[in-house]
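Protein chains in written order, with the numbering used here: chain A, 1 to 291; chain B, 292 to 582.
Next up, the structure:
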């Protein structure tokens with residue numbers, strides 16, 4: 001099915017039956033584990049109105065697509081990612097869930113094949129952190145939103161992370177994650193900035209709701225799914241770069257990772273991390289309008 | 292009125308009409324401002340059962356006493372502080388609020404004039420952070436609790452604090468606060484440790500609920516009451532010690548304080564801090580009991 005508001009260029013709907021073997025499946029599982037463990041925390045109150053046109057930007061492997069679609073019966077959802085393999089995995093999940101009104105596309109954020117003002121709602125998550133100009137991205141997306149339409153943004157904030165026991169080595173491996181990600185041009189501490197960013201992009205009635213993940217031994221599922229299967233692999237993912245940059249020795253690194261694991265597995269361990277959920281409304285009057 | 296379960300030694304009820312002029316009133320206002328701005332966040336679900344005997348430990352100037360008592364009709368509350376002036380101010384507030392079943396005493400935590408197992412609930416807030424042996428304090432308080440009784444603990448965690456804009460100088464003044472407080476022998480980052488601490492003190496069914504304060508320009512009351520009137524004065528309170536310790540120059544300090552103020556007053560400023568609320572139950576069977 002062709003989505004009616006497609007301009008017909010710059011993007012391609014993932015066809016029925018497309019499948020990717022092997023590639024990214026472990027990463028996909030990591031993303032799904034993260035989403036499953038924080039999904040309720042972040043999305044318990046996400047529901048797009050029946051009849052609304054919703055654009056999900058940077059859907060990745062569809063970790064959140066099924067949840068937001070399932071919680072929004074009657075909404076028509078278009079999800080896209082610039083990585084074809086990710087979008088293909090997302091499309092598989094959508095079909096496996098039996099969702100009819102979700103369309104998954106491969107396209108680029110800055111060449112999105114949609115008419116201006118096509119959407120009632122735009123959902124952006126875990127994307128702005130990677131962009132050198134998040135305000136520019138929000139302004140660009142705003143053109144796709146009808147006046148009065150809403151943007152919903154979810155981002156993490158790596159500076160919101162702390163834990164117990166807080167050993168120097170565990171703190172250092174965490175700081176390596178922030179450092180390596182900053183070298184890639186993004187801002188992994190963007191969560192705290194969502195309010196000013198949405199305001200700077202021209203949205204009105206901007207409101208932010210922090211969602212803090214807290215894990216201790218009375219919450220074994222959060223410890224397992226979030227700390228051990230999301231956080232630890234994410235940090236381990238920057239090991240080679242951190243050692244190549246000389247940020248830590250391999251011995252120090254191994255100690256730090258071991259200590260970080262203990263915050264999510266030892267009886268006395270605790271772990272804290274906060275996601276930020278933000279909404280903003282596109283003005284119904286053009287900026288500068290006298291009335 | 293003499294509280295019936297007083298052993299009659301080691302403490303003194305603040306008499307009717309006691310009044311303190313001048314001393315600590317500004318500090319008292321700071322504490323009250325803090326409590327008023329985070330009161331709902333922390334205590335919206337605090338309610339001690341009707342008929343229960345409740346001990347509030349280290350009540351200070353009574354910032355929370357009136358709230359917990361008002362929310363717990365039918366509970367009998369004994370609040371104490373070792374500082375007579377603070378307890379006197381607390382007693383004034385209790386009387387001004389017309390609360391009948393609240394008794395305010397001056398006594399020391401480790402020489403509390405109560406019979407063992409006198410209380411159904413014990414409430415401890417913003418106290419453990421100052422103690423060199425918080426587990427010892429909890430064990431000591433546990434003796435005052437009937438088997439099956441509950442302890443409620445509220446503490447902050449200075450390591451949970453982050454903000455935007457996050458200038459190096461603002462981060463440094465905040466770290467000075469942590470450093471100076473650690474020199475006094477406490478742990479200002481104790482919030483994340485409440486779960487293991489209550490477990491180590493022998494409590495059962497320990498559960499922790501983090502309460503995150505988030506301020507941006509859409510929440511002017513939180514900005515004003517929490518950031519500008521609680522956080523900033525608290526940091527300013529360690530200025531002299533921080534400069535004497537050579538942690539920052541006075542010029543750097545002034546820049547840092549100015550930057551910190553901007554996080555709670557500028558349109559783009561945001562501020563985050565988390566309190567931890569924890570409950571635990573005293574076992575009904577003695578430890579080591581076979582049944």
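Just so you know, even glycine gets a beta-carbon here, dropped at the ideal spot from N, CA and C. From a predicted model like this one, the values you see are computed outputs, not experimental measurements.
CB contact below 8 angstroms: residue i versus chain B
i: residue 159 of chain A; result: yes
i: residue 275 of chain A; result: no
i: residue 168 of chain A; result: no
i: residue 203 of chain A; result: no
i: residue 212 of chain A; result: yes
i: residue 262 of chain A; result: no
i: residue 21 of chain A; result: Note on residue 21 of chain A: pLDDT 39, under 50, position unreliable in the model; the coordinate value appears next. With 8 angstroms as the cut-off, residue 21 of chain A does not count as an interface residue toward chain B.
i: residue 280 of chain A; result: no
i: residue 226 of chain A; result: no
i: residue 284 of chain A; result: no
i: residue 232 of chain A; result: no
i: residue 164 of chain A; result: yes
i: residue 193 of chain A; result: yes
Enclosing alpha helix (DSSP H) for residue i [first to last residue]
i: residue 549 of chain B; result: 541-556
i: residue 466 of chain B; result: 459-474
i: residue 244 of chain A; result: 239-244
i: residue 234 of chain A; result: 232-236
i: residue 449 of chain B; result: First-last for residue 449 of chain B: undefined, no H or E at that position.
i: residue 488 of chain B; result: 485-491
Neighbourhood of residue i by C-beta, 6 angstroms cutoff - its chain only, sequence neighbours within 5 removed
i: residue 210 of chain A; result: 274, 276
i: residue 22 of chain A; result: Below a pLDDT of 50, predicted positions are generally treated as unreliable, and residue 22 of chain A, at 38, falls in that range; no measurement from the model is reported.
i: residue 207 of chain A; result: 279
i: residue 390 of chain B; result: 360
i: residue 241 of chain A; result: 180
i: residue 479 of chain B; result: 420, 449, 469, 472
i: residue 415 of chain B; result: 348, 444
i: residue 76 of chain A; result: 53, 101
i: residue 425 of chain B; result: 419, 488
i: residue 495 of chain B; result: 572, 574
i: residue 93 of chain A; result: 62, 66
i: residue 267 of chain A; result: 217
i: residue 147 of chain A; result: 282, 284
i: residue 433 of chain B; result: 573
i: residue 492 of chain B; result: 426, 429, 430
N-terminal and C-terminal residue of the beta strand (DSSP E) that residue i is part of
i: residue 145 of chain A; result: 145-155
i: residue 376 of chain A; result: Residue 376 of chain A is absent from the structure shown; chain A starts at 1 and stops at 291.
i: residue 569 of chain B; result: 561-572
i: residue 130 of chain A; result: Run containing residue 130 of chain A: none; DSSP gives neither H nor E here.
i: residue 293 of chain A; result: Chain A is shown only over 1 to 291; residue 293 of chain A falls outside these bounds and no answer can be derived.
Integer-rounded CB distance, given that residue j should sit under 8 angstroms from residue i
i: residue 555 of chain B; j: residue 514 of chain B; result: 5 angstroms
i: residue 302 of chain A; j: residue 69 of chain A; result: Absent from the model: residue 302 of chain A. The displayed extent of chain A is 1 to 291, so no value can be given.
i: residue 527 of chain B; j: residue 460 of chain B; result: That pair is no contact at about 14 angstroms.
i: residue 448 of chain B; j: residue 482 of chain B; result: 3 angstroms
i: residue 292 of chain A; j: residue 118 of chain A; result: This structure gives no information on residue 292 of chain A, because the portion of chain A shown stretches from 1 to 291.
i: residue 116 of chain A; j: residue 259 of chain A; result: The Cβ separation is near 51 angstroms, so there is no contact.
i: residue 82 of chain A; j: residue 107 of chain A; result: 7 angstroms
i: residue 72 of chain A; j: residue 47 of chain A; result: 5 angstroms
Chain A contact for residue i (CB, 8 angstroms cutoff)
i: residue 487 of chain B; result: yes
i: residue 540 of chain B; result: no
i: residue 367 of chain B; result: no
i: residue 446 of chain B; result: no
i: residue 417 of chain B; result: no
i: residue 561 of chain B; result: yes
i: residue 437 of chain B; result: no
i: residue 497 of chain B; result: yes
i: residue 507 of chain B; result: yes
i: residue 327 of chain B; result: A caution first: residue 327 of chain B carries a pLDDT of 49, below 50, which makes its placement in the model too unreliable to give a value.
Contact set for residue i: own chain, Cβ-Cβ below 7 angstroms, skip 5 residues either direction
i: residue 423 of chain B; result: 476
i: residue 162 of chain A; result: 272
i: residue 137 of chain A; result: 109, 128, 131
i: residue 467 of chain B; result: 529, 533, 538, 539
Neighbourhood of residue i by C-beta, 8 angstroms cutoff - its chain only, sequence neighbours within 5 removed
i: residue 463 of chain B; result: 538, 539, 543, 547
i: residue 523 of chain B; result: 548, 551, 552, 555
Closer than 7 angstroms: residue i CB and nearest the ligand GDP heavy atom
i: residue 283 of chain A; result: Among the ligands in the structure shown, none appear at all, so the ligand GDP cannot be discussed.
Subject >> Complete beta strand (DSSP E) runs within the stretch 325-411 of chain B (minimum length 3 residues, chain order) >> reply: As far as the stretch 325-411 of chain B is concerned, its whole beta strand (DSSP E) runs of at least 3 residues are 344-348, 367-372, 393-398.
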